[in-house]
Structure formats: C-alpha cells, structure tokens
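Protein chains in written order, with our numbering: chain W, 73 to 390; chain C, 73 to 390.
Here a beta-carbon is modelled for each residue, glycine too, at the ideal position from N, C-alpha and C.
Protein chains: 2
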Amino acid sequence: MSSVEPAATASTALASALADTADAVEVLLDALLRDEPATGELHRPARLLAAMRHGALAGGKRLRPFLVAETAKLFGVPRERALRAGVAVELAHCYSLVHDDLPAMDDDEIRRGRPTVHKAFDDATAILAGDALLTLAFDVIAGPQTHPDGATRADIVLIFARALGLGGMAGGQMLDLAAEGRFDGESRPAALGEADIRRMQAMKTGALLAGSVLIGARLGQADAAQTAALERYGRALGAAFQVADDILDREASPEEMGKATAKDESRGKATLVTALGLAGAKRERDRLSEEAIAALAGFGPEAQMLRAAAEFTARRKS
Amino acid sequence: MSSVEPAATASTALASALADTADAVEVLLDALLRDEPATGELHRPARLLAAMRHGALAGGKRLRPFLVAETAKLFGVPRERALRAGVAVELAHCYSLVHDDLPAMDDDEIRRGRPTVHKAFDDATAILAGDALLTLAFDVIAGPQTHPDGATRADIVLIFARALGLGGMAGGQMLDLAAEGRFDGESRPAALGEADIRRMQAMKTGALLAGSVLIGARLGQADAAQTAALERYGRALGAAFQVADDILDREASPEEMGKATAKDESRGKATLVTALGLAGAKRERDRLSEEAIAALAGFGPEAQMLRAAAEFTARRKS
Numbered sequence: 073m074s075s076v077e078p079a080a081t082a083s084t085a086l087a088s089a090l091a092d093t094a095d096a097v098e099v100l101l102d103a104l105l106r107d108e109p110a111t112g113e114l115h116r117p118a119r120l121l122a123a124m125r126h127g128a129l130a131g132g133k134r135l136r137p138f139l140v141a142e143t144a145k146l147f148g149v150p151r152e153r154a155l156r157a158g159v160a161v162e163l164a165h166c167y168s169l170v171h172d173d174l175p176a177m178d179d180d181e182i183r184r185g186r187p188t189v190h191k192a193f194d195d196a197t198a199i200l201a202g203d204a205l206l207t208l209a210f211d212v213i214a215g216p217q218t219h220p221d222g223a224t225r226a227d228i229v230l231i232f233a234r235a236l237g238l239g240g241m242a243g244g245q246m247l248d249l250a251a252e253g254r255f256d257g258e259s260r261p262a263a264l265g266e267a268d269i270r271r272m273q274a275m276k277t278g279a280l281l282a283g284s285v286l287i288g289a290r291l292g293q294a295d296a297a298q299t300a301a302l303e304r305y306g307r308a309l310g311a312a313f314q315v316a317d318d319i320l321d322r323e324a325s326p327e328e329m330g331k332a333t334a335k336d337e338s339r340g341k342a343t344l345v346t347a348l349g350l351a352g353a354k355r356e357r358d359r360l361s362e363e364a365i366a367a368l369a370g371f372g373p374e375a376q377m378l379r380a381a382a383e384f385t386a387r388r389k390s
Numbered sequence: 073m074s075s076v077e078p079a080a081t082a083s084t085a086l087a088s089a090l091a092d093t094a095d096a097v098e099v100l101l102d103a104l105l106r107d108e109p110a111t112g113e114l115h116r117p118a119r120l121l122a123a124m125r126h127g128a129l130a131g132g133k134r135l136r137p138f139l140v141a142e143t144a145k146l147f148g149v150p151r152e153r154a155l156r157a158g159v160a161v162e163l164a165h166c167y168s169l170v171h172d173d174l175p176a177m178d179d180d181e182i183r184r185g186r187p188t189v190h191k192a193f194d195d196a197t198a199i200l201a202g203d204a205l206l207t208l209a210f211d212v213i214a215g216p217q218t219h220p221d222g223a224t225r226a227d228i229v230l231i232f233a234r235a236l237g238l239g240g241m242a243g244g245q246m247l248d249l250a251a252e253g254r255f256d257g258e259s260r261p262a263a264l265g266e267a268d269i270r271r272m273q274a275m276k277t278g279a280l281l282a283g284s285v286l287i288g289a290r291l292g293q294a295d296a297a298q299t300a301a302l303e304r305y306g307r308a309l310g311a312a313f314q315v316a317d318d319i320l321d322r323e324a325s326p327e328e329m330g331k332a333t334a335k336d337e338s339r340g341k342a343t344l345v346t347a348l349g350l351a352g353a354k355r356e357r358d359r360l361s362e363e364a365i366a367a368l369a370g371f372g373p374e375a376q377m378l379r380a381a382a383e384f385t386a387r388r389k390s
C-alpha cells in the first residue's frame, strides 16, 4: 500500500474516525430517545418522541460530536464522557435543523434525502420536537455521566448556552433571515457587506462548531492558552465549513447534498460566494482551513485528526 | 382595621409578596435582556432581542419565581440566589407562551392585553425568540450567581430540563394538541378520560410549577422527606391552578383575563370542566388546594405564604 498518497491516508483515517464517532452517537441517541420516562418525567408522548427521533436519528456526519471527542482526547478525557457531551451538542444541532426547516423559517421539505420533520409530521409537532430536543441537549450535558465534577458540568452548560442563544446560533439565524429582507415594515437592507456576512455566519454556524471544541477543552480542563488556541481553531473551522457550504450550494446537485441546492442565489441570500465571487470564496475557504490548522501549532501528533478535519471540511463534497 | 377578615389579611400579604417578587423579577429580566453581549457571545441582534423583551417583559403574576423564592426561603437561601433561579423558570414559562401562541399551535393573538410575539413581529421571529428565551433560561440557572456550588447548579439544570422537555411541559402541550384531534391521518381520539386529562395537565402546567418548588428545595439542600412533601405540594398546586384556569376559561370575560376565553369549548378541548361539570370542577379545585396545603403540614409558619398561594391560586379571578 506504499502507493497510497499521504493525503489519502489521512482522509481514510479521518473517514474511519468520523464513522466510529457517528456510530457511537447513533447508539447513544437511540438509547436517549426511548419511551420509558426518565427520573422526574411523567410520560413520553409517542408522537413527540417519534418526531424527535425523526429529527435526530437521520444520520449525518456527526461532525460536532467528533470535534468534542477529538478535542477532549487531547487531554486524555475518557471517550464515553466526551461522546455524551458530543451527543448533547448533536441534539442541539438537530433542534436547529428542525426549526430552521419550518415553513415560517427556511421552508425546506427535504433534509438528508428524507422529508423534514414538519413534512413527516406537522408544524406544531416540529416546533415541539425542536423545543424538546434542545431541552434534552441541556439534560444530557448537565448529567453526571458527562463529567463527575458538577462545577465543570455547570461551566459546560454556560459555554453551550452562549453558543446557542441570542448572541450565538439563534441570533445568527435571525440575522440570516433579516438579510433576506423577510420582515414587513423593515425595508430590505442593502446587500450585506463582507464583515456582516462573516459575523452572521460566525454566529449561525461557527458558534456551535467552536462551542464543540470549547466543550471538549473544558472537559479536559485545558488551560487558558490551550483554550484560546482551540477557540481560534474552532472559529476558523466553523468559518471554513460555512464557506464550503455556500460553495456547495452553488456547485453541487440536490442529489449529492440530500437537500435542495442553489437556494442562496434564488433567495438573494448574501454569502461569501456573492461577496467574493466563487474563486474568491474558494481562496477564502482554503485560507480559513490553513488558519485553523495553524492554531493547533502548539499541539503535537495527537491533534492530527483535528488538522485533518480542517483540511477535509474545506474540501467536502456534501 | 380589626374588622378585616383573616382571609383578607392573608390575601393582602400574599398580594404584597407576589408584587415584591414580580418587581424584582422585572428588574432582573430587564438587565438580562440588554444589547451588550455576554461573555462568549458575539453580538445580540436587535430584532431578536426586542421580540424576547416583548415576550418576557409583559408583566404577569410571576407565580413561578414566587414559588422558587418562597420554597427556598424555608431553608434560609439568600433571596438573590432564589430570584435568579426564579427568573430562569420565568424565562422558560415565557418561552412556552411565545411558542404556544403561534398560529401552528394555539393561534392566539392577544396575551396579557397585548399582541402576542408573532403578531407584534412575525412567526419566524417568535420561534427564534422562544428558542432564545429557553436557552437563556438554562444560561441563567447554570450561572454561578444562582448557587456557589457547581454540583447543585448541575442538579438544578437536570430538574429544570425534566420539567420542561419530552416528559414534562413540551410533552404536555403535545398531548393537549393531540386531544384536539389536530393531526391529519390520526383519527380524532375519543374524548379524553379524566385520568388522561389529569396527566396531560400535570405535564403541561403542573411540571413547571412543581419544578419551581423542587428547584427552591434543591437550592435549600432540602432532605428527601422535605423534597417529597414539597413535590406533593407543587403537583397539587399545579393541578389546582389548571382546574382554576379551565373554570375561568368558562366563566371569565376576555377583558378580565387579558386573553381570549371560552376557547376550550369551541375547540372541543377536554378539561376537567367538561369531564366533571362546572360544579364538579370547582369541588376538585378546592380539594386540590386543600391537598396542597396538607402537604405542607411538616412546615411551620414560615410556609404560610405557600399555603396562601395554594388557597388563592384556586380562587384567582384572572
């Protein structure tokens, strides 16, 4: 096998590690989303549970749990703790997809090649399923299986909430909708400038990707310098991921993506592709990927998988 | 003033204590919902912040923070800690109102005499405002100002999540919508039996009211017997509150309630008023109120305000 290129070897190792995490995440999600009530719960309604399972057990790359697990691994955190925190992050990611797909939001009918939750069920059920997935995410991350030290768990809840809320993911979705000129009585804003696009994307996508890395760092009791370096990695990775997504929206087919594409242009959505052009966006994606890798300079070979994630996230085909 | 009845004195003291808590809650909510980003946040979008303020700063009885504070007071918990936890519970209550009012859910246009969030803004903004209020609730309750001990805070996050999620409030709203026969492809269920109505209400309303009491108990490091007694109090109070609400929906005017009334009957909604008749529902309300008071038998005069809350919750006029 000496003819295999180094890049291909790294790619194969990354694919294999991603698949291992995804399998473990699937098992944990399946076990969490069962009909036996947990302590303190009264009853789990079948329809809501089915909608949550539809929204959470649809496969996917499980990139966020992977980032939690690989970051935690730098510090020797037991894998089952990191996966538990990773599952919480994935639940929050799934909640955001369920709500973003709603007719009142992005109005998407297909996700990962299947009907979105509101199409498979209805809008009310999808709203509640998203709400309950978000709530379950906090339940899972605050639980004793995530970390034996309660103060660490409470810290992680705070990191998580800041990544998800008004000043993070939810705020980013608000800015994204506003940029589409969606709101009556508000004049359509001039096309967003590059700085506004970057901020919106840093909130909408970057905050939870960076949050995944920060949660892994906190699980590992990383020191301030390590945490700062990992945050730089996470934010650059998140930005690279989003530019890559915008490029795919322009270039990939719906079949490759498992969802509608070329939507950004038809909605007049401002992305770095519209701001920088396709070639400029590709250069920016590569620059961000290199920035992410450079942020890991203080870590040794144990960070190789995070470096590979930055490299291949920028080159992903779906 | 010797002609004032004891009940009227208790009522005045309760009204005054409720007003004190409501004022403190308003101040804390106002301070939390400002445009300066918190640590870890990137930017707070103005439209989303305004919608969150609309949904959270609309006045109201602030019964849940009152229950947290009065329960915590039994154990000598500093008031500022209890109010902080109470504000988190109120944020979660407000999130539930914002989402429940959506056209896809209960479709209400007026709440506390003002347009609901989706009427004042739009559906997408209301969905995001609810999401961000729920996220902020977890942020507030996990923060160091709620309790110095991290493990206590993590425990409280768990109690809170169980009260709010699939097996609590969100699940209760799902059962309530299902009982209205809302879902295509599912035959309209036979009118809910009394046990089903009680379970649905225990989840939809009771779980967060009981959760408020349990959070106060956990803040105060209550022992197992005290916690069990307080949980019985909270669940009976929650049930009494909901029957009283159903009675008011039948008897009060929209002006008195600050929202539409007589909706249950027009929607064919199953409540204890439909199951037991109006007189039977009133007897059940009084019985539950007495059950709540009886659960506090092990506490002394320091629980007088919780007893008064049970008594007057059952007799409330709005």
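Residue i classed as buried or exposed, judged by whether at least 16 other C-beta atoms fall within 10 angstroms
| i | result |
| --- | --- |
| Ala308 of chain C | buried |
| Ser361 of chain C | buried |
| Ser325 of chain W | exposed |
| Pro137 of chain W | buried |
| Val159 of chain C | buried |
| Ser284 of chain W | buried |
| Arg153 of chain C | buried |
| Glu113 of chain C | buried |
| Pro117 of chain W | buried |
| Gln293 of chain C | exposed |
| Lys341 of chain W | buried |
| Val99 of chain C | exposed |
| Asp102 of chain W | exposed |
Pair within 8 Å by beta-carbon distance, residue i and residue j
| i | j | result |
| --- | --- | --- |
| Tyr167 of chain C | Leu121 of chain C | no |
| Asp180 of chain W | Ala332 of chain W | yes |
| Arg119 of chain C | Met275 of chain W | no |
| Leu280 of chain C | Leu249 of chain C | no |
| Leu146 of chain C | Glu374 of chain C | yes |
| Leu286 of chain W | Glu303 of chain W | yes |
| Val161 of chain W | Val189 of chain W | no |
| Leu104 of chain W | Leu208 of chain W | yes |
| Glu142 of chain C | Met377 of chain C | yes |
| Ala380 of chain W | Leu86 of chain W | yes |
| Asp211 of chain W | Ala233 of chain C | yes |
Of the listed residues the options, nearest to residue i (C-alpha basis)
| i | options | result |
| --- | --- | --- |
| Asp172 of chain C | W:Gly237, W:Asp203, W:Lys133, W:Thr346 | W:Asp203 |
| Pro216 of chain W | W:Gly292, W:Arg134, W:Ala157, W:Ser83 | W:Ala157 |
| Ala353 of chain C | C:Asp318, C:Leu129, C:Tyr305 | C:Asp318 |
| His165 of chain W | W:Ala282, W:Tyr305, W:Ala369 | W:Ala282 |
| Ala176 of chain C | C:Ile199, C:Met241, C:Ala369 | C:Ile199 |
| Leu368 of chain C | C:Ala297, C:Thr343, C:Glu328 | C:Ala297 |
| Ala312 of chain W | W:Gly222, W:Ile231, W:Glu383, W:Thr218 | W:Glu383 |
| Ala289 of chain W | W:Arg186, W:Asp95, W:Pro187, W:Phe371 | W:Phe371 |
| Ala130 of chain C | C:Asp95, C:Leu350, C:Ile231, C:Arg357 | C:Asp95 |
| Thr385 of chain W | W:Lys133, W:Ala223, W:Thr299 | W:Lys133 |
| Ala192 of chain W | W:Asp221, W:Lys389, W:Met241, W:His126 | W:His126 |
8 Å Cβ cutoff, residue i in contact with chain W
| i | result |
| --- | --- |
| Gln314 of chain C | no |
| Gln245 of chain C | yes |
| Ile231 of chain C | yes |
| Arg254 of chain C | yes |
| Ala87 of chain C | no |
| Leu344 of chain C | no |
CB contact check: residue i to chain C, cutoff 8 Å
| i | result |
| --- | --- |
| Arg126 of chain W | The displayed chain sequence assigns His, not Arg, to residue 126 of chain W. No, its Cβ sits nowhere closer than 8 Å to a Cβ of chain C. |
| Gly237 of chain W | yes |
| Val76 of chain W | Bear in mind that the predicted position of Val76 of chain W carries a pLDDT of just 43, short of 50, making it too unreliable to give a figure here. |
| His171 of chain W | yes |
| Phe371 of chain W | no |
| Gly222 of chain W | yes |
| Thr207 of chain W | yes |
| Gly310 of chain W | no |
| Arg304 of chain W | no |
| Ala176 of chain W | yes |
Proximity test, residue i beta-carbon vs the ligand MG heavy atom, cut-off 7 Å
| i | result |
| --- | --- |
| Thr111 of chain W | Inclusion of the ligand MG in the displayed structure is not the case, the ligand content being empty and no account of it being possible. |
8 Å Cβ cut-off: residues of chain B touching residue i
| i | result |
| --- | --- |
| Pro117 of chain W | In the structure shown, chain B does not exist; the protein chains are W and C. |
To be precise: take each residue of the segment 100-114 of chain C, compare its Cβ to all Cβ atoms of chain W, and keep it if any distance is under 8 Å. Which residues remain? Taking 8 Å as the Cβ-Cβ cut-off against chain W, the residues of the segment 100-114 of chain C that qualify are Pro109, Ala110, Thr111, Gly112, Glu113, Leu114.
Chain W contacts made by the segment 264-279 of chain C, where a contact means CB separation under 8 Å: Result list: Arg271, Ala274, Met275, Ala279.
Taking a cut of 9 Å between CB atoms, which residues from the segment 183-200 of chain W lie near chain C? If the cut-off is 9 Å between Cβ atoms, the segment 183-200 of chain W has His190, Phe193, Asp194, Asp195, Ala196, Thr197, Ala198, Ile199, Leu200 near chain C.
Give, in chain order, every residue of the segment 359-389 of chain W whose Cβ lies closer than 8 Å to some Cβ of chain C. Flagged: no residues at all.
Please name the residues in the segment 281-293 of chain C whose beta-carbon is closer than 9 Å to at least one beta-carbon of chain W, in chain order. Listed by position along the chain: Gly283, Leu286.
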